[in-house]
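Below you'll find the structure, written out as structure tokens, and then a few comments.
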Amino acid sequence: MFSPDDTPPVIRPELQHLAAPIPLNDHEPVIDRLVDIAIQTHIGPTQMSKLIGNKGIILQLFYTRCKGVCPGTTAMLKTVAHQLGKRIGKDIVILSLSLDAERDGLSDIKRYAAMHRLPKGWYAATCSKGDLALLLKQLRLTVTPSKGRDGTIKHASQLVYGSNVSGRWRMINAELPKPELIRDMVEMTIDGLAYQRRGVSQKRS
Amino acid sequence: MKSLPFQVGGLRPFIDALPIPGRLSETPMASIPALTPRYFTYGTPKCYTLREHEAFHQFHRDLPPTLMWTYNGTFPGPIIAHRLGTPAAFRRINDLNPNYRGFGIVETVLHNHGGWQSPEDDGWPMDLIRPGEEHYYLIPNQVADNDRSHWASTIWYHDHVADHTAGNVYHGLAGMVNQFDDVDSDNENDTNPVSLRLPSGAYDIPLVLGDYILNRDGSLYFDQMNDAGQVGNLFCVNGKVQPYLNVARRKYRFRILCASQARHFRLKLSNGASFHVIASDGGLLEAPVEVTNLYIVPGERYEIIVDFSKFSLGTQVALINDVDQKDGNKPANIGRVAIPMMLFVINRDAPDPSRLPAKLQTITPPDLSKVIATRTIKFHRSKGAWMINDRFWNPDVPLFRCRLGTAERWIVTNGSGGWEHPFHLHVENYQVLRRNGQLPPMIERGRKDILNLGSGATVELYIQFHRYAGRYTVHCHNVGHEDLAMMGWVDVQP
Chain A
7 MFSPDDTPPV
17 IRPELQHLAA
27 PIPLNDHEPV
37 IDRLVDIAIQ
47 THIGPTQMSK
57 LIGNKGIILQ
67 LFYTRCKGVC
77 PGTTAMLKTV
87 AHQLGKRIGK
97 DIVILSLSLD
107 AERDGLSDIK
117 RYAAMHRLPK
127 GWYAATCSKG
137 DLALLLKQLR
147 LTVTPSKGRD
157 GTIKHASQLV
167 YGSNVSGRWR
177 MINAELPKPE
187 LIRDMVEMTI
197 DGLAYQRRGV
207 SQKRS
Chain H
-12 MKSLPFQVGG
-2 LRPFIDALPI
8 PGRLSETPMA
18 SIPALTPRYF
28 TYGTPKCYTL
38 REHEAFHQFH
48 RDLPPTLMWT
58 YNGTFPGPII
68 AHRLGTPAAF
78 RRINDLNPNY
88 RGFGIVETVL
98 HNHGGWQSPE
108 DDGWPMDLIR
118 PGEEHYYLIP
128 NQVADNDRSH
138 WASTIWYHDH
148 VADHTAGNVY
158 HGLAGMVNQF
168 DDVDSDNEND
178 TNPVSLRLPS
188 GAYDIPLVLG
198 DYILNRDGSL
208 YFDQMNDAGQ
218 VGNLFCVNGK
228 VQPYLNVARR
238 KYRFRILCAS
248 QARHFRLKLS
258 NGASFHVIAS
268 DGGLLEAPVE
278 VTNLYIVPGE
288 RYEIIVDFSK
298 FSLGTQVALI
308 NDVDQKDGNK
318 PANIGRVAIP
328 MMLFVINRDA
338 PDPSRLPAKL
348 QTITPPDLSK
358 VIATRTIKFH
368 RSKGAWMIND
378 RFWNPDVPLF
388 RCRLGTAERW
398 IVTNGSGGWE
408 HPFHLHVENY
418 QVLRRNGQLP
428 PMIERGRKDI
438 LNLGSGATVE
448 LYIQFHRYAG
458 RYTVHCHNVG
468 HEDLAMMGWV
478 DVQP
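Chains A and H, in that order, give the protein sequences.
According to the working numbering, the residues represented by the first sequence are 7 to 211, in order.
According to the working numbering, the residues represented by the second sequence are -12 to 481, in order.
So this is what it looks like as structure tokens:
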């Protein structure tokens, strides 16, 4: 780098209004580790940090009564889980966390897990309304409960994925056309290895 | 511990001199192992090495150093100077820290943005290399046989790994490329009669615009969950917060690159003086366009000539941005703020053999008789995310297929609810035929690879597929949008 001069100029009066110092305000904390909330999974209570440990996580935000995007997202996730195979539970966990803290109780969560035959390493869970708000704030996600009697909750079909170990967090729309792509993106973010399978990790012409 | 500006009321502008990246030196051909015959297709290549590694960078003298990811240790990376007609072979080494923790991903891809090269050398978003690995690629530096216009232009190189481009570019993986030819010859004293003798050498200066946020310890602040694209509060040129540049009373050529994540700029001189736009993304315009402001969006380049001889010695002129932007989606307002980007201090006289010709070149006009298809490409938001033609990024399925040797008319629209998208196409430049039904502004009539799609905009393009078959990536260059799957590709078939 070449800097032609190291003596700062004395700012002329007509430009003083442009020379005010820039305030350096603090900003909203960014995601590094998922907020450590208490969750009630279909197999028992635990803390988010304990559930994840050193593993990567795919986080689905859903609710059991959803007749919109959630069933499709769950179906997609089942394919992703199948493709990830033994990695699920071993070094990646899937957490389907309810957005409907008021209505989704333990029995709903258990019924949901049984209905979808969630494999080992995939947890359906609920948490308190306050903890859910903390998590959503951290993820910059908003959900809007319907004012109608049907009790629908408007929410995007985003999957959040990442790792407390790598500190990398991303989100992806669960309506991406191919489960393989979600699998690859998740693996790339968690451990950067996904595209080894594609055989293009090292290009030599 | 050094007293940080958090405690002393803020950062003072115009304190650091504008750093000017040096030019990348050639490396011996032997430094690139086993160049195959492909690398000699266009003649014997010049050879270069780019090494990606961590290095400290100081955004401002009152700030602690920031650990960045760099090409060859500097941020921005070194300027790569090409001469059209002379190919270049690159060895890229990934020496990033494999144990790095945080945003971005140490598996990298390099995209030669705005360059005309085979898609296999362009930087396909999935062709990543890991720390400890290398990648070789060929930049042909050619002009298509049937195009008699001059393509020498200001392009740039940056990381382009799928899903993490925003984080990786924010880490510092970006640099500029200056192309030259006989007309734009890098020599203001050139005796060749075809040379335009534009300002050169110390008077040909890159201005890489960016905006950043730093944590209290000087580390980069980056919100991985910001799907709008992050806008920063520290306004930087060539990696320095609001620097100054001492200039002589003569003409300067500034190559302006908007390397921000999502921020738009409208640049003006603080005294209202005019300047001339001479080039856009794909090279010289047909004639200089005199303006008093210049709007530029992420990924876009414009080149301007500012004649400081009209100012007296001792004059100070700030380059200001009057776009107020609160988030990544679009500007909040234009013209109500004056954000200083840098300061020019006119402090000496100097001879000026350079010229600002009335005519720069003749750009080959679109040959509409070659158009075999008209397509609509819709940028929009749906299902809580960004989409192109109702689709998310899918590296296995193209948006559509095109045929080499043909031309097409693309109608690119922005159906988003108030969001703006810089539209970018890889490999081939295009020419704007109409913007919202009107002829495009004069500065948009050159060859382009980025154009801003304002809210509700419809832009009609002419694009010709000259030589290279393969995957042409197309995406929003608000990299926050791009990483949230607002990307696709076009399959150009032989």
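Heads up, the beta-carbon is just placed ideally off N, CA and C, and yes, glycines get one too.
Expected contact under 8 Å - CB spacing of residue i and residue j to nearest Å
i	j	result
residue 171 of chain H	residue 137 of chain H	7 Å
residue 304 of chain H	residue 254 of chain H	Actually they do not touch by this definition, with Cβ atoms about 12 Å apart.
residue 38 of chain H	residue 3 of chain H	Not quite, the Cβ-Cβ distance comes to about 26 Å (not below 8 Å), so this is no contact.
residue 289 of chain H	residue 238 of chain H	Actually they are not in contact, since the Cβ atoms of residue 289 of chain H and residue 238 of chain H sit about 16 Å apart, beyond 8 Å.
residue 300 of chain H	residue 329 of chain H	Not really, about 19 Å apart at Cβ, beyond 8 Å.
residue 11 of chain H	residue 65 of chain H	4 Å
residue 58 of chain H	residue 162 of chain H	5 Å
residue 240 of chain H	residue 185 of chain H	6 Å
residue 472 of chain H	residue 373 of chain H	7 Å
residue 176 of chain H	residue 340 of chain H	5 Å
Extent of the continuous beta strand (DSSP E) run through residue i
i	result
residue 80 of chain A	Element bounds for residue 80 of chain A: not the beta strand (DSSP E) but the alpha helix (DSSP H), 76 to 90.
residue 502 of chain H	This structure gives no information on residue 502 of chain H, because the portion of chain H shown stretches from -12 to 481.
residue 116 of chain A	No beta strand (DSSP E) contains residue 116 of chain A, which is instead part of the alpha helix (DSSP H) from 112 to 121.
residue 36 of chain H	33 to 44
residue 212 of chain H	It is not in any beta strand (DSSP E) - residue 212 of chain H carries neither H nor E in the DSSP assignment.
residue 98 of chain A	98 to 104
residue 457 of chain H	457 to 463
residue 191 of chain H	191 to 199
Nonlocal neighbours in the same chain, by C-beta distance under 6 Å from residue i, ignoring five residues either side
i	result
residue 204 of chain A	At residue 204 of chain A, the pLDDT of 41 sits below 50, so the modelled position is not reliable; the number obtained from the coordinates is stated separately. Excluding sequence neighbours, residue 204 of chain A sits near nothing in its chain.
residue 361 of chain H	396
Close Cβ partners of residue i (< 7 Å) along its chain, the five nearest in sequence each way excluded
i	result
residue 270 of chain H	137, 138, 139, 140, 433, 434
residue 119 of chain A	48, 130
residue 58 of chain A	40, 99, 170
residue 183 of chain H	170, 171, 342, 344, 347
residue 321 of chain H	253, 309, 310
residue 94 of chain A	87, 100, 125, 127, 128
Residue i - containing alpha helix (DSSP H), residue span
i	result
residue 248 of chain H	First-last for residue 248 of chain H: undefined, no H or E at that position.
residue 188 of chain A	185 to 197
residue 4 of chain A	The first residue shown for chain A is 7 and the last is 211, placing residue 4 of chain A beyond what the model contains.
residue 360 of chain H	Premise fails: residue 360 of chain H lies in the beta strand (DSSP E), 358 to 369, not in any alpha helix (DSSP H).
residue 152 of chain H	152 to 157
residue 467 of chain H	466 to 470
Residue i vs residue j beta-carbon contact at 8 Å
i	j	result
residue 90 of chain H	residue 223 of chain H	no
residue 150 of chain H	residue 470 of chain H	yes
residue 417 of chain H	residue 375 of chain H	no
residue 19 of chain A	residue 332 of chain H	no
residue 219 of chain H	residue 200 of chain H	yes
residue 293 of chain H	residue 278 of chain H	no
residue 74 of chain H	residue 125 of chain H	yes
residue 252 of chain H	residue 283 of chain H	yes
residue 461 of chain H	residue 419 of chain H	no
residue 236 of chain H	residue 336 of chain H	yes
residue 28 of chain A	residue 1 of chain H	no
residue 118 of chain H	residue 84 of chain H	yes
residue 104 of chain A	residue 80 of chain A	no
residue 142 of chain H	residue 101 of chain H	yes
residue 249 of chain H	residue 315 of chain H	yes
residue 143 of chain A	residue 150 of chain A	no
residue 194 of chain A	residue 92 of chain H	yes
residue 437 of chain H	residue 411 of chain H	yes
Proximity winner among the options, relative to residue i (alpha-carbon distances)
i	options	result
residue 63 of chain A	A:55, A:69, A:33	A:55
residue 365 of chain H	H:358, H:371, H:379	H:379
residue 401 of chain H	H:7, H:443, H:116, H:94	H:443
residue -3 of chain H	A:95, A:25, A:160	A:25
residue 356 of chain H	H:393, H:128, H:388, H:481	H:393
residue 243 of chain H	H:144, H:273, H:287, H:134	H:287
residue 184 of chain A	A:162, A:46, A:151, A:83	A:83
residue 467 of chain H	H:334, H:211, H:347, H:324	H:211
residue 19 of chain H	H:80, H:40, H:58	H:80
residue 405 of chain H	H:311, H:185, H:367, H:214	H:367
residue 133 of chain H	H:154, H:351, H:208	H:351
Residue-chain proximity (residue i, chain C), Cβ-Cβ < 8 Å
i	result
residue 137 of chain A	Note that chain C does not occur in the displayed structure, where the protein chains are A and H.
Other residues of its chain near residue i: CB distance less than 8 Å, five sequence neighbours each side excluded
i	result
residue 225 of chain H	5, 6, 7, 8, 63, 193, 194, 195
residue 179 of chain H	169, 172
residue 128 of chain H	29, 69, 70, 71, 72, 73, 74, 75, 166
Residue i beta carbon near the ligand SAH (any heavy atom closer than 7 Å)
i	result
residue 337 of chain H	As far as ligands go, the structure on display features none, and thus does not contain the ligand SAH.
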